[in-house]
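According to the UniProt record's numbering, the residues represented by the sequence shown are 1 to 314, in order. Yeah, the Cβ is synthetic: ideal placement off N, Cα and C, and Gly gets one too.
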Amino acid sequence: MQIILLHPRFTHAKSVTLTRRHLLALFVSFVVAVILGASFLSYLVFSNASSMPSPVRELVSGGSSGEEANKDKFLKENLALMARRLGEMQAQLMRLDALGERVQGLAGVKPTEFNFREMPGRGGIEPMDGTSSRDLTMSEFKALLDAMAHDVERRADYMNVVESTLMSDKIKSKLLPTIQPVNVSYNASTFGRRLDPFSGRSAMHEGIDFAAPIGTPIVAAAGGVVTVAEFHPQYGNMMEIDHGNDMITRYAHTSRLLMQVGDIVRRGQHIADIGTTGRSTGPHLHFEVRVKGVAQDPHKFLLAGANQARLAAK
Numbered sequence: 001m002q003i004i005l006l007h008p009r010f011t012h013a014k015s016v017t018l019t020r021r022h023l024l025a026l027f028v029s030f031v032v033a034v035i036l037g038a039s040f041l042s043y044l045v046f047s048n049a050s051s052m053p054s055p056v057r058e059l060v061s062g063g064s065s066g067e068e069a070n071k072d073k074f075l076k077e078n079l080a081l082m083a084r085r086l087g088e089m090q091a092q093l094m095r096l097d098a099l100g101e102r103v104q105g106l107a108g109v110k111p112t113e114f115n116f117r118e119m120p121g122r123g124g125i126e127p128m129d130g131t132s133s134r135d136l137t138m139s140e141f142k143a144l145l146d147a148m149a150h151d152v153e154r155r156a157d158y159m160n161v162v163e164s165t166l167m168s169d170k171i172k173s174k175l176l177p178t179i180q181p182v183n184v185s186y187n188a189s190t191f192g193r194r195l196d197p198f199s200g201r202s203a204m205h206e207g208i209d210f211a212a213p214i215g216t217p218i219v220a221a222a223g224g225v226v227t228v229a230e231f232h233p234q235y236g237n238m239m240e241i242d243h244g245n246d247m248i249t250r251y252a253h254t255s256r257l258l259m260q261v262g263d264i265v266r267r268g269q270h271i272a273d274i275g276t277t278g279r280s281t282g283p284h285l286h287f288e289v290r291v292k293g294v295a296q297d298p299h300k301f302l303l304a305g306a307n308q309a310r311l312a313a314k
C-alpha cells in the first residue's frame, strides 16, 4: 500500500509505502491498546463499586458472588460426604466394640482389666513453637477419615479371625476329657502295670479306677456322642463316648447306663451310675481315655482340667 502526502510546506508530494509488516505492527499495537484500556476500566469499576448505584454494584459483584456460591456448594458437599463416612465409622466402631467384648470373654480377660467402651488415657506436652502444629486442610482431613475407616475395617477382620480361633480352641477344650467322672477324692488303681486282682500276675491296666458306693453318679468327662452302650463280659455295663479327633472315653462296670447309642452328651452330664458288673471285685468305675485306639493315662487330662480350673478361679 502506498500513501501520498500533500502539504503547502512540501516543495513536492511525498509518498509512504506500507508493507504487510507495517500493517501487522499497527494491528498488534491496536489490540494491545484495547486490552490495556479494558483492564484500566475494570480496575476503576471494581475499586469504586461500593460508591456506584445499586444496579451497577450488583452487576459488578455478580461474578465474585458466583465464585462464593460455588465454594459454599463445594464445602457443603464435602461436609455431607464426611458426615456419611463418620456415621459409617461410628457403626463400625459399635460392631467392633461388641466383637471385642466377645473376644474378651472367650479369652478370659476380665472387663475391669480392659473395657472397650472407655477411652484409653492419652497425653503429651504442648507444642512450644507454632510450626509443629497447624490446622488441617479439607483434603488432609478427608484423607485421615479414609485412612481411619480402612484401619477400622482391617482391625475388624483381624478380630474376626481371633474370635474364630478362640472359639475353635474353646470347643476343642470342651471336647477334651478334663472333668473327673466321679466326685471322689482318690482313685483305687492307677494307669500302668499292676498285679491283676484275679490272677495275681503283672498286667497292664489301661485306665484308672474310682471306688465309690453303688449308685454314685458318673458324669461325662467331656462332650461328645455315645458310640457304645452295652454289656461286655469283662467290662460289664460299658459306655464309650466319641469326642472327635479319634479320641474316646470308656466308662465300665456301671450298675446302669442312662444313655443310648447316638445320644449327644454334654460335658459334666450324668450318664451312668457306679456298679460292680463284669470282671470286678467291688463297686467302682473303670475310666479309660483312648486316642486312635491307644490307651492314654487319664491323669494327664484330669490334671490339665484341674490346673485350668485354678487359673479361671484367680
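Pair within 8 angstroms by beta-carbon distance, residue i and residue j
{"i": "Leu86", "j": "Val152", "result": "no"}
{"i": "Arg250", "j": "Gly282", "result": "no"}
{"i": "His243", "j": "Leu303", "result": "no"}
{"i": "Ile274", "j": "Ile214", "result": "yes"}
{"i": "Met138", "j": "Asn70", "result": "no"}
{"i": "Thr277", "j": "Thr254", "result": "yes"}
{"i": "Pro181", "j": "Phe287", "result": "yes"}
{"i": "Val289", "j": "Asp246", "result": "no"}
Residues sharing a beta bridge with residue i, DSSP
{"i": "Pro177", "result": "None; Pro177 has no bridge partner."}
{"i": "Gly275", "result": "His284"}
{"i": "Glu240", "result": "Val228, Arg250"}
{"i": "Gln90", "result": "Per DSSP, none; premise fails for Gln90."}
{"i": "Phe210", "result": "Leu285"}
{"i": "Ser199", "result": "Answer is none; Ser199 lacks a bridge partner."}
{"i": "Ala295", "result": "Arg290"}
{"i": "Val265", "result": "Gly224"}
{"i": "Ser189", "result": "Asp209"}
{"i": "Arg194", "result": "Ala203"}
{"i": "His270", "result": "Val219"}
Under the three-state DSSP convention, the category residue i falls into
{"i": "Arg256", "result": "strand"}
{"i": "Ile218", "result": "strand"}
{"i": "Val56", "result": "Caution is warranted here: a pLDDT of 49 is assigned to Val56, below 50, making its placement in the model unreliable, and the coordinate value is therefore given only provisionally. Three-state result, Val56: helix."}
{"i": "Gly305", "result": "helix"}
{"i": "Asn245", "result": "coil"}
{"i": "His35", "result": "The amino acid occupying residue 35 in the given sequence is Ile; His does not appear at that position. The answer is helix: DSSP assigns Ile35 an H, G or I state."}
{"i": "Tyr235", "result": "coil"}
{"i": "Val28", "result": "helix"}
Indicate whether the contact test is met: 3 or more Cβ pairs, each with one atom in the region 190–201 and one in the region 220–229, closer than 8 angstroms.
-> At 8 angstroms Cβ cutoff, the stretches do not touch.
Pair every Cβ in the region 137–146 with every Cβ in the region 182–196, then say whether three or more of these pairs are closer than 8 angstroms.
-> Segments in contact, no.
Inter-stretch contact (C-beta, 8 angstroms, three-pair minimum) for the region 281–301 and the region 259–268 = Touching, no, given that fewer than three Cβ pairs across the two stretches are closer than 8 angstroms.
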